[in-house]
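A quick write-up on the structure given underneath.
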Amino acid sequence: MDGFTQARTTHSWRLNVSCEPLVLTEEPRPVPKGREVLMKVSHCGVCHSDIHIREGKYNIGGGKVLNLSDRGLKLPLTLGHEILGTVEAVGPDVTSVKPGDRRLLHTWIGCGECALCKSGDENLCAQPQFLGVQARGGFAEHVLVRDEEFLVDVEGLDPALAATYACSGVTVFSAVNKIRPHREGEKIAVFGIGGLGQTALQLLKALCMGPVIAVDPSPEKRKIAESIGVAATLDPNAPDAAKQLAAFGEGKLAAALDFVGAEGTTTLAINALRKGGQLVIVGLYGGELRYPLPFIPMRAIAIRGSYVGSLKELKEFVDLVRKVKLPPIPIETRPMSAVNEALHDLEAGKVAGRIVLEATA
1 MDGFTQARTT HSWRLNVSCE PLVLTEEPRP VPKGREVLMK VSHCGVCHSD
51 IHIREGKYNI GGGKVLNLSD RGLKLPLTLG HEILGTVEAV GPDVTSVKPG
101 DRRLLHTWIG CGECALCKSG DENLCAQPQF LGVQARGGFA EHVLVRDEEF
151 LVDVEGLDPA LAATYACSGV TVFSAVNKIR PHREGEKIAV FGIGGLGQTA
201 LQLLKALCMG PVIAVDPSPE KRKIAESIGV AATLDPNAPD AAKQLAAFGE
251 GKLAAALDFV GAEGTTTLAI NALRKGGQLV IVGLYGGELR YPLPFIPMRA
301 IAIRGSYVGS LKELKEFVDL VRKVKLPPIP IETRPMSAVN EALHDLEAGK
351 VAGRIVLEAT A
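full-length UniProt numbering puts the first residue of the sequence shown at 1, with every later residue one more than the last.
In structure tokens form, the structure reads like this:
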């Protein structure tokens with residue numbers, strides 16, 4: 001356990017066995033060296049990815065699964081990747097932060113040596129050390145950050161909401177960037193109006209992109225979309241959903257953002273795109289994409305994935321939030337000790353926005 005000392009201890013809620021509850025565990029407290037920073041966690045968001053990590057696999061369709069052990073996930077592991085806290089201790093080479101500073105963690109950390117990392121795309125590194133995925137995460141009292149550069153100043157922002165920016169915020173921002181620039185009047189479909197989808201609706205509105213149709217089977221979430229201000233909503237399970245989406249698009253559906261990533265949502269989106277349209281798949285629900293290959297060049301459509309975001313994008317998103325005063329999505333705070341109940345409720349679809357766990361004294 002590099003960087004640890006037996007002098008003091010800390011606690012984390014650790015996954016020891018896939019599909020089992022997280023277990024409160026006492027561990028040696030990290031001692032930072034070099035440019036490392038020890039953060040005392042105050043808030044950590046709960047994400048759908050945490051559910052996949054707990055299960056240890058993704059559904060990739062055809063009865064097949066992708067085991068997360070093939071992506072470098074090893075148990076035991078402390079989950080949690082939407083982390084905000086205060087600096088508790090710093091290594092001797094740290095110059096930009098000091099104990100007591102509040103910071104948001106950019107958790108999508110790569111090897112730091114490959115071409116992607118050196119170009120600023122650490123979130124795309126083939127040898128990642130993502131906090132809460134390959135490395136110790138934020139369902140804990142403390143977390144050790146490899147380098148001070150991964151700390152983002154969020155002073156003045158609501159800490160519970162700001163914690164979600166580390167994943168849901170930067171993920172949405174990166175996905176929306178992929179469909180820019182946007183011609184005035186061209187239409188956009190957003191699939192999945194959970195925490196990410198709601199953030200996307202707010203961001204599209206702030207950037208004057210749209211008109212937008214919000215697609216979700218939940219009447220409650222469609223009402224949330226209406227309250228944000230969309231041109232239309234759609235139940236994807238309606239018998240005539242494809243017809244309704246086509247009628248909304250009127251041949252002008254330039255882009256679809258899929259925050260679900262299921263076979264049904266991707267199929268509905270692809271078929272509704274205009275020629276030259278774009279589908280950006282963000283969600284990891286699972287399945288496989290089936291679409292006649294000749295139609296892709298004939299319709300000149302683009303299908304691309306979007307996975308979290310870079311440190312640069314996270315900083316840009318935080319700056320944008322400050323500038324446009326992006327309205328908050330529904331945030332429910334719970335004590336860190338309620339992490340297992342939070343994961344259960346999120347998996348059961350009982351969460352309208354996001355759950356953020358708070359440290360208890």
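Note that the Cβ used here is the ideal one computed from N, Cα and C, for glycine as well.
Mapping the DSSP letters down to three states, classify residue i as helix, strand or coil.
i	result
Asp70	helix
Gln278	strand
Cys114	coil
Ser310	coil
Val170	helix
Tyr165	helix
Asn340	helix
Lys33	coil
Val176	helix
Thr9	strand
Lys315	helix
Leu131	strand
Val212	strand
Leu124	helix
Glu358	strand
Using C-beta distances below 7 Å, list every residue in its chain close to residue i, excluding the 5 sequence neighbours before and after it, in chain order.
i	result
Val172	Leu196, Thr199, Ala200, Leu203
Glu155	Arg102
Thr25	His11, Ser12, Arg14
Gly62	Glu288
Phe150	Leu105, His106, Ile109, Leu311
Ala162	Leu84, Leu104, Val154
Val318	Val152, Val154, Tyr165
Note down, in chain order, each residue of its chain lying with its Cβ closer than 8 Å to the Cβ of residue i, except the 5 sequence neighbours on either side.
i	result
Glu88	Leu38, Met39, Lys40, Pro99, His142
Ala262	Gly283, Tyr285, Gly286, Gly287
Leu73	Ile53, Gly56, Val133, Gln134
Gln6	Residue confidence is low: Gln6 scores 43 on pLDDT, short of 50, so the model does not pin down where it sits. No coordinate-derived value is stated.
Pro327	Gln202, Ile228
Ala338	Leu357
Arg183	Ala254
residue 362	Lying before the first or after the last residue shown, residue 362 is absent from the chain, which here runs from 1 to 361.
Gly3	Low confidence applies to Gly3: its pLDDT is 48, below 50, so where it sits in the model is not reliable enough to give any reading.
Arg136	Ser12, Leu77, Thr78, Val143, Leu144
Val65	Lys57, Tyr58, Asn59
Tell me which residue opens and which closes the beta strand (DSSP E) that residue i is part of.
i	result
Lys350	Neither: Lys350 is in no beta strand (DSSP E) and is coded neither H nor E.
Pro335	331-335
Leu253	253-258
Leu84	82-90
Asn271	Unbroken run through Asn271 is the alpha helix (DSSP H), 263-272; no beta strand (DSSP E).
Leu144	142-145
Lys57	57-61
Ile303	302-305
Ile109	That residue, Ile109, is in no beta strand (DSSP E); it is neither H nor E in DSSP.
Leu234	232-234
Excluding the 5 residues flanking residue i on each side, which residues of the same chain have their C-beta closer than 6 Å to its C-beta?
i	result
Met1	Annotation note: pLDDT 39 at Met1 (below 50); position unreliable, no value reported.
Pro219	none
Cys167	Cys47, His81, Glu82
Gly91	Pro32, Lys33, Gly34, Arg35, Glu36
Glu332	Ile355
Ala256	Ala189, Ala269, Leu279
Ser18	Gly56
Gly276	Ala300
So is residue i buried or exposed if we call it buried at 16+ other beta carbons inside 10 Å?
i	result
His52	buried
Ser49	buried
Ala115	exposed
Asn295	With the sequence shown as reference, residue 295 is identified as Phe, and Asn is not the correct amino acid for it. Classification of Phe295: exposed, given that the 10 Å Cβ count is below 16.
Ile60	exposed
Met298	exposed
Gln127	exposed
Ala342	buried
Leu293	exposed
Asn16	exposed
Cys44	buried
Ser174	buried
Cys117	buried
Lys325	exposed
Would you kindly report the start and end of the unbroken alpha helix (DSSP H) that includes residue i?
i	result
Ser42	Per DSSP, Ser42 belongs to no alpha helix (DSSP H); it is in the beta strand (DSSP E), 37-46.
Glu155	Unbroken run through Glu155: none, as it is neither H nor E.
Ala200	195-206
Lys243	241-249
Arg183	Run containing Arg183: none; DSSP gives neither H nor E here.
Ile228	219-228
Lys299	One detail in the question is off: residue 299 reads as Arg in this sequence, not Lys. Segment 295-299, the alpha helix (DSSP H) holding Arg299.
Taking only heavy atoms of the ligand MG into account, decide whether any of them is closer than 7 Å to the Cβ of residue i.
i	result
Gly249	No copy of the ligand MG occurs in the structure displayed, which carries no ligand at all.
Can you round the beta-carbon distance between residue i and residue j to whole angstroms, since I take them to be within the 8 Å contact cut?
i	j	result
Gly192	Val260	4 Å
Val145	Leu105	6 Å
Ala214	Ala225	3 Å
Phe130	Thr107	6 Å
Leu217	Pro239	At residue 217 the sequence reads Pro, which differs from the Leu that was named. At roughly 13 Å, the Cβ-Cβ gap does not stay under 8 Å, so Pro217 and Pro239 are not in contact.
Gly249	Ala232	Not really, about 10 Å apart at Cβ, beyond 8 Å.
Between residue i and chain B, is there a C-beta pair that is closer than 8 Å?
i	result
Ala352	Among the chains of the structure shown, chain B does not appear; only one protein chain is present.
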